[in-house]
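Quick note on the UniProt record's numbering: the sequence shown kicks off at 1 and runs consecutively. Glycine included, C-beta positions come from ideal geometry on N, C-alpha and C. Quick caveat: nothing in here was measured; it's all calculated off a predicted structure. Following: one structure in structure tokens, then a few remarks.
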Amino acid sequence: MLIHLKSRIQEPEVQELLSYSVFPDPDHLNRALQQYVDKDELHLDGYEDEGQLIGLIGYENTGTSEVTIHHIAVLPENRFKNYGRGMISQVLAKYNPDRLIAETDVEAVEFYRNTGFVVYSLGELYPGVERFRCVLEKDEGQDED
């Protein structure tokens, strides 16, 4: 089960996890942290296992049957154990959106592709850095709540 992390945003373990999903620069991390503090529409949730924070997911529910993932990270020693996929599944179960969207870089694109997202190249949005838009559409036959 996902737990809310906004009230814990100053904890080093939360900041460490978030740092894995932003450009490796303290200013980028600080801006991301401040966004979660300032914007009520942004959610920051985490997954704990045996009292240890294993992963986090930061997202926005736009209210238009769409959820946008802004950040997702799992501790390096716990990657490839389906924690990321599990956090996405819990967000899907909570909101039942028609579409789940994320933007990522080449390092994480296979994670999204393997989780069922359709991946589109956005080209080189920053010098030397290709970005990708990842979209997971609700199955036509899926029941709505």
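- In the three-state DSSP reduction, N82 falls in the coil class, being neither helix nor strand.
- Residue environment: S65 is assigned as exposed (fewer than 16 neighbouring CB atoms within 10 Å of its CB, all protein chains considered).
- Around E48, the same chain offers I3, I54 as residues with beta carbons nearer than 7 Å, after the five sequence neighbours per side are excluded.
- Residue environment: H28 is assigned as exposed (fewer than 16 neighbouring CB atoms within 10 Å of its CB, all protein chains considered).
- For Q52 and L75, the gap between their C-alpha atoms comes out near 10 Å.
- Out of D105, G46, D38, the CA that lies nearest to the CA of L18 is found in G46.
- Look at S89 here: in three-state DSSP terms it is helix.
- Relative to the Cα of P24, the nearest Cα in the group D105, K138, D139, G84 belongs to D105.
- Annotation: L44 is outside any alpha helix (DSSP H); the continuous beta strand (DSSP E) that includes it extends over 42-49.
- For L56, the pairing in a beta bridge is given by DSSP as G46, A73.
- The closest CA to that of I72, considering only I9, L44, A93, is found on L44.
- In this structure, DSSP gives Y20 a state outside helix and strand, which the three-state scheme calls coil.
- Each residue's CA atom was taken as its position, placing G116 and D38 some 32 Å apart.
- Going by beta carbons, V129 and I101 fall outside the 9 Å limit.
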